[in-house]
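Engineer: Input: one structure, supplied below.
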Amino acid sequence: MNVLTKFSLYVQGRFGRHRLRRFLLGSIPFVFLLTLWQMNTTFEWLAPVFIPSIGGVIDAIFVLQSDCSGLVGVLSLDNSCLMTTHILSSIGRVLLAAIIGIPLGIIFGILAGMNRLVSSVLEPVGIFANSISGIAWVPLAIVWFGVGSLTTLFIMLNTVFWLMFFNAMLGTRGIAKVYEQSVLTMGGNRWNIVIQVYLPGAMPSIITGMRMSLGFGWRALIAAEMIGGDSGLGFMIFTAAEEFNVEQVFLGVIVISIIYLVTDHYLLGPLEKWTTHRWGLTWKPT
Amino acid sequence: MTAKLIVQGLSHHYPDEYTGVSVHALEDINLEVNDGEFVAVVGPSGCGKTTLLNILAGLLPYRHGTATVDSKIIDGPGPDRGVVFQEHAILPWRTVAGNIGHGLELQKVSRQERRDRVAEFIEMVGLVGFEDSYPHELSGGMKQRCAVARTLCADPEIMSMDEPFAAVDAQTRITLQEELIRIAIATKKTILFITHAVDEAAFLGDRCFVFSRRPGRLRETVQINIPREERNWQDIAANPEFVRARDRILSLVREEVVADE
Amino acid sequence: MSDSLNRFLAFWRHFSGAKVINLALIIAGLLGAWALISGSIDNPGRYLPSPLAVAASSVDMLYKGLLPSYFGDTISRLVIGSLIGLGLGIPFGLLLGLNRTVSDIFFPIMNFFQSVSGIAIFPIVVIWWGNSDKTVLAVILYTCFFPVAFNVLSGVREVPLRYIHSAYTLGASKFQVIRDVLAPGALPHIATGSRLGIGFASRAVIADEMLAGREGLGWMIFTGQDADMTSQVILGMLMIGLTWIVLDHYLLRPLEADTIERWGLVHR
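Chains as they are written, first to last, in the working numbering: chain A, 1 to 286; chain B, 287 to 547; chain C, 548 to 815.
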């Protein structure tokens with residue numbers, strides 16, 4: 001066997017022949033699109049203002065970071081380090097909304113799942129709040145909080161909270177009463193039940209909810225930043241569009257997508273699969 | 287008179303999915319099936335029975351050797367070679383009647399004629415009263431009956447069956463086997479029946495091809511000279527010809543299985 | 548006397564089991580809470596107009612014919628965009644699913660575009676076509692197409708191979724296989740994908756109207772905030788919410804559930 005065959009077999013063994021094949025096949029459209037993109041610039045099919053050159057998009061990174069004074073500037077969200085400032089602002093809001101919204105949503109959701117009275121009040125509110133999509137809240141939020149961080153944070157928080165609430169509630173409801181009963185008959189109190197039955201039992205739904213709410217929340221955040229924000233990736237691409245700075249727009253869109261895809265595919269997705277797989281539970285709310 | 291199905295020099299390899307090493311499934315198969323014959327195919331696991339079936343059905347392209355039905359080279363699936371799959375493949379979104387008539391529908395047969403032919407086969411497989419039922423309302427045995435009716439209704443030249451009764455309980459299996467004999471008598475179809483169960487092979491087949499372990503070769507052809515009318519489970523157990531044939535097949539298969547260990 | 552009281556209590560108990568009564572009570576309670584909060588803050592006109600103020604505003608807008616007109620604009624964009632999105636997405640997904648290799652090729656890129664939300668695409672399209680109806684429609688189309696096509700593709704990939712094989716052995720052509728096996732087999736996924744696509748599209752409509760300044764419900768709430776007419780904002784939000792609830796709970800979800808349960812297919 002020559003080197004090439006050895007290497008090929010090694011790669012196949014390491015990743016699995018099927019996965020390799022799917023990876024190679026699946027990357028064909030991407031390669032194709034990238035090639036088209038470059039050809040567009042090289043052969044000047046559409047004017048650069050419609051489709052920028054790949055080089056131009058990459059250059060935009062440096063343009064935005066041009067006056068950046070190093071790590072200090074980055075961390076202090078200095079306006080001269082625009083690219084990193086925008087990225088960090090958006091991500092910061094995501095983290096904040098997650099830290100506040102997820103636990104709150106879980107708590108209220110489990111409560112609502114356990115208690116008919118609580119759910120009969122909160123559930124209709126939630127359904128209604130959810131159906132007024134995150135974006136539609138923006139003008140009201142601007143009235144309350146003005147244009148800026150608070151508004152964008154509120155929008156994401158709103159989205160995350162209600163989605164977590166529903167998922168936690170449905171997950172809790174789906175747990176068979178018999179588990180609660182068995183804990184009670186073993187001498188457990190109400191608190192034991194919450195921690196040992198409902199929380200773990202609803203965990204698959206909760207994890208799914210986390211994944212969904214962060215996904216929806218991220219999209220809502222970007223939109224909110226576009227309409228009512230003063231910083232962040234959404235704000236960046238919107239203002240860039242107004243200035244016809246198409247390189248920056250493309251850059252922003254790509255960064256937004258990458259952040260979402262990487263987080264979802266490598267963090268949240270596996271987390272979800274791991275929990276549902278581990279406990280053999282495949283209950284999935286809508 | 288030329289045989290219905292002629293296979294000459296058929297060999298087949300396929301690449302293993304995980305190691306990339308190629309698996310030698312079949313080696314130099316030569317066999318013939320005559321019109322109206324019921325032939326069973328038996329062999330240890332991995333002997334290539336299903337590969338053979340897929341090739342004959344036209345679902346698997348082959349490169350070495352020839353396979354012809356009525357002197358036409360097999361090249362892709364078609365209604366002339368019907369298949370009854372192991373796990374039922376009747377469509378869940380069609381009624382029993384809809385499934386059975388599917389082949390005719392695809393051939394653009396008129397609705398009236400379709401209705402008549404479907405009714406004929408519904409009666410033949412004993413599903414009267416279930417014409418408008420959906421598959422999820424049927425038992426496993428009934429689903430397979432529907433599958434058999436569907437394949438027959440399309441009037442194939444040869445019908446291949448891939449362990450169709452494997453997933454059915456023992457009682458139902460006996461009933462289905464006897465019904466299949468009745469159907470073979472009534473329709474005079476050429477049938478190729480793949481199975482693991484030696485008993486079943488001896489019960490059903492006029493002849494039985496015994497395959498070796500991988501790579502699958504045609505080890506021996508065992509004749510089973512029992513008239514179809516006499517094939518029912520009550521009487522056959524005592525029939526010396528049945529016992530002889532079954533024991534022969536069994537010892538051949540055992541040899542192949544043991545040799546593998 | 549106690550007899551009629553008992554009868555009354557039984558009647559009440561029976562009735563309060565009825566979900567509608569419960570819901571009506573809850574809504575009344577929430578409206579009351581709303582009115583209370585509104586009455587107790589400074590400058591309610593700006594921050595939280597009372598339910599009555601919002602009602603008055605809606606009467607006013609109905610009278611001027613504005614409300615129906617905005618509603619119509621939004622709905623027509625949603626319907627047109629969704630129809631085209633479904634009309635393109637479903638066949639696309641079905642065709643791609645016919646061949647395993649082809650669907651393997653397109654699966655990741657479809658997944659990718661499904662995650663690049665319509666909103667993020669908006670600034671790009673705006674550079675091309677400006678703040679026009681064309682832009683809004685294009686973004687709605689994009690938002691609807693990918694979830695639909697992706698879900699249909701997934702659904703087709705899940706159709707058991709033996710169904711496809713058996714159709715071929717009955718003499719089906721490729722088109723007949725799509726029609727008789729792939730389309731019905733993927734129907735639950737088609738239904739789910741359509742619901743998702745329309746859902747995404749409806750969110751996108753509102754956002755796009757706000758961003759592109761095209762008339763409609765989204766625009767209505769955006770300009771309401773701008774002109775300090777908060778009751779208009781709240782009115783618009785209520786309308787959006789109600790429309791979606793009606794659309795989703797009474798149309799899309801029942802259709803989807805009916806499709807999934809019809810043939811005993813369990814796809815969840």
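Each residue gets a CB set at the ideal place from its N, CA and C atoms; glycine is no exception. As the structure is a prediction and not an experimental result, all values here were calculated from the model.
1. So what does DSSP say about C/I807, is it helix, strand or coil?
2. Using Cβ-Cβ distances below 7 Å, what residues of the segment 433-459 of chain B are close to chain C?
3. In whole angstroms, what separates the C-alpha of A/I102 from that of A/P124?
4. Looking at chain C, is there any beta carbon in it that lies within less than 9 Å of the beta carbon of B/H298?
5. What residues are listed by DSSP as bridge partners for B/P301?
6. In chain C, what lies closer than 8 Å to B/L345 by C-beta?
7. Using only CA atoms, which one of A/N167, A/F165, A/A168, A/V197 lies nearest to A/K177?
8. On the criterion of 16 or more Cβ atoms from any shown chain inside 10 Å, does A/L117 qualify as buried, or is it exposed?
9. With a threshold of 7 Å on Cβ separation, who are the neighbours of B/L538 within its own chain once the five nearest residues in sequence on each side are excluded?
10. By DSSP, does A/V49 sit in helix, in strand, or in coil?
11. The alpha helix (DSSP H) with A/T35 in it runs from where to where?
12. Excluding five sequence neighbours on each side, which residues of the same chain lie with their C-beta closer than 7 Å to the C-beta of A/I142?
13. For B/L338 and chain C, any beta-carbon pair shorter than 9 Å?
14. When the cut-off is 9 Å and only beta carbons count, does B/L377 lie next to chain C?
15. Mapping the DSSP letters down to three states, classify A/C68 as helix, strand or coil.
16. Using alpha carbons as the reference points, say which of C/A759, C/I753, C/G760 lies closest to C/W791.
17. 9 Å is my cut-off, CB to CB: does B/L413 come that close to chain C?
18. Report the neighbours of C/A728 on chain B: residues whose CB is nearer than 7 Å to its CB, in chain order.
19. If you drop the 5 nearest sequence neighbours on each side, which residues of the same chain put their C-beta closer than 7 Å to that of B/R436?
20. Going by beta-carbon coordinates alone, are A/F216 and A/L157 separated by less than 9 Å?
21. Can you tell me where the beta strand (DSSP E) with B/L504 in it begins and where it stops?
22. Provide the residue span of the beta strand (DSSP E) that contains A/M186, from first to last.
23. If you compare alpha carbons, which of C/Y715, C/G771, C/L798 is closest to C/L613?
24. Report the rounded CA-to-CA distance for B/V395 versus B/V434, giving the unit in angstroms.
25. Would B/F549 count as contacting chain C if we go by Cβ distances under 9 Å?
26. In terms of residue numbering, what span does the alpha helix (DSSP H) encompassing A/M164 cover?
27. Out of A/R219, A/T84, A/P52, state which residue places its alpha-carbon closest to the alpha-carbon of A/F62.
28. May I ask you to list, following chain order, the residues of the segment 382-403 of chain B that have a beta carbon less than 7 Å from some beta carbon of chain C?
29. Would you kindly check if the distance between the Cβ of B/V454 and the Cβ of B/G427 is under 9 Å?
30. What three-state label does DSSP hand B/E318 in the structure shown?
31. What whole-angstrom Cβ distance do C/M784 and A/I135 have, given they're in contact under 8 Å?
32. So which of C/L595, C/G746, C/L782 has the shortest CA-CA distance to C/A603?
33. Mind checking B/R493: buried by the 16 CB within 10 Å criterion, or exposed?
34. So, do the segment 665-673 of chain C and the segment 250-260 of chain A have three or more beta carbon pairs nearer to each other than 8 Å?
35. Is the CB-CB distance between B/D448 and B/K335 below 9 Å?
36. Please classify A/H18 as buried or exposed, where buried requires at least 16 other C-beta atoms within 10 Å of its C-beta.
Structural biologist: Here's the rundown:
1. Within the third sequence, residue 807 of chain C is the residue found at index 260, counting from 1. Reduced to three states, the DSSP call for C/I807 is helix.
2. Under the 7 Å Cβ criterion, the segment 433-459 of chain B contributes A440.
3. Working through the first sequence from its first residue, we reach residue 102 of chain A at position 102. Working through the first sequence from its first residue, we reach residue 124 of chain A at position 124. Roughly 20 Å between the two C-alpha positions.
4. Start at 1 with the first residue of the second sequence, and residue 298 of chain B comes out as number 12. Answer no: the Cβ-Cβ gap between B/H298 and chain C never drops below 9 Å.
5. Locating residue 301 of chain B in the second sequence gives position 15, where the first residue counts as 1. Beta-bridge pairing links B/P301 to B/S308.
6. Position 59 of the second sequence holds residue 345 of chain B. Neighbours of B/L345 on chain C, chain order: H712, Y715, T716.
7. Counting from 1 along the first sequence, the entry for residue 177 of chain A is found at position 177. Checking every option, the nearest Cα to that of A/K177 belongs to A/V197.
8. Stepping through the first sequence from its first residue, residue 117 of chain A is reached at position 117. Exposed, since its Cβ has fewer than 16 Cβ neighbours within 10 Å.
9. Your numbering for residue 538 of chain B matches position 252 in the second sequence. If we look at B/L538 and ignore the five residues flanking it on each side, its Cβ neighbours are V496, R505, E506.
10. As a first step, residue 49 of chain A must be located in the first sequence, where it is residue number 49. Coil, per DSSP.
11. Taking the first sequence and counting its residues from 1, the one referred to as residue 35 of chain A is at position 35. Note, A/T35: alpha helix (DSSP H), 17-43.
12. Residue mapping note: residue 142 of chain A aligns to position 142 of the first sequence, counting from 1. Excluding positions up to five away in sequence, the list reads T151, G228.
13. Position 52 of the second sequence holds residue 338 of chain B. For B/L338, the answer is no, since every Cβ of chain C falls outside 9 Å of its Cβ.
14. As a position in the second sequence, residue 377 of chain B is number 91, starting the count at 1. Nearest CB-CB separation between B/L377 and chain C: below the 9 Å threshold.
15. One-based indexing of the first sequence puts residue 68 of chain A at position 68. Reduced to three states, the DSSP call for A/C68 is coil.
16. Here residue 791 of chain C refers to the residue found at position 244 when the third sequence is read from its first residue. The shortest Cα separation from C/W791 among C/A759, C/I753, C/G760 belongs to C/I753.
17. Locating residue 413 of chain B in the second sequence gives position 127, counting from the first residue. Not closer than 9 Å to any Cβ of chain C, the Cβ of B/L413 fails to qualify, so no.
18. By 1-based counting over the third sequence, the position of residue 728 of chain C is 181. The identity of residue 728 of chain C in the sequence shown is Val, whereas the question assumes Ala. In chain order: L377.
19. Along the second sequence, one-based indexing puts residue 436 of chain B at 150. Same-chain partners within the cutoff: I376, N385, I386, H388, G389.
20. On the first sequence, residue 216 of chain A is found 216 positions in, with the first residue counted as 1. On the first sequence, residue 157 of chain A is found 157 positions in, with the first residue counted as 1. Taking 9 Å as the Cβ cut-off, A/F216 and A/L157 do not qualify as a contacting pair.
21. Locating residue 504 of chain B in the second sequence gives position 218, where the first residue counts as 1. Where B/L504 is concerned, the enclosing beta strand (DSSP E) stretches over 504-509.
22. Locating residue 186 of chain A in the first sequence gives position 186, where the first residue counts as 1. Premise fails: A/M186 is in no beta strand (DSSP E) and is neither H nor E.
23. Looking up residue 613 of chain C in the third sequence gives position 66. Measuring from the Cα of C/L613, the nearest candidate turns out to be C/G771.
24. For the purposes of this step, residue 395 of chain B is identified with residue 109 of the second sequence, where counting begins at 1. For the purposes of this step, residue 434 of chain B is identified with residue 148 of the second sequence, where counting begins at 1. Whole-angstrom Cα-Cα distance: 19 Å.
25. For residue 549 of chain B there is no data in the structure shown, the boundaries of chain B being 287 and 547.
26. Here the question's residue 164 of chain A lines up with position 164 in the first sequence. 149-173 is the extent of the alpha helix (DSSP H) around A/M164.
27. The residue given as residue 62 of chain A occupies position 62 in the first sequence. Nearest in C-alpha terms to A/F62, of all of A/R219, A/T84, A/P52, is A/T84.
28. Answer in chain order: H388, G389, L392, Q393.
29. Start at 1 with the first residue of the second sequence, and residue 427 of chain B comes out as number 141. Start at 1 with the first residue of the second sequence, and residue 454 of chain B comes out as number 168. Result yes, Cβ atoms of B/G427 and B/V454 sit closer than 9 Å.
30. Within the second sequence, residue 318 of chain B is the residue found at index 32, counting from 1. It is a strand residue.
31. Position 237 of the third sequence holds residue 784 of chain C. Position 135 of the first sequence holds residue 135 of chain A. Not a contact, Cβ separation roughly 10 Å.
32. Start at 1 with the first residue of the third sequence, and residue 603 of chain C comes out as number 56. Answer by Cα proximity: C/L782.
33. Position 207 of the second sequence holds residue 493 of chain B. Buried, by the Cβ-count rule.
34. yes
35. Taking the second sequence and counting its residues from 1, one reaches residue 448 of chain B at position 162. Taking the second sequence and counting its residues from 1, one reaches residue 335 of chain B at position 49. In this structure, B/K335 lies closer than 9 Å to B/D448 by Cβ.
36. Numbered from 1 along the first sequence, position 18 holds the residue referred to as residue 18 of chain A. So A/H18 ends up on the exposed side.
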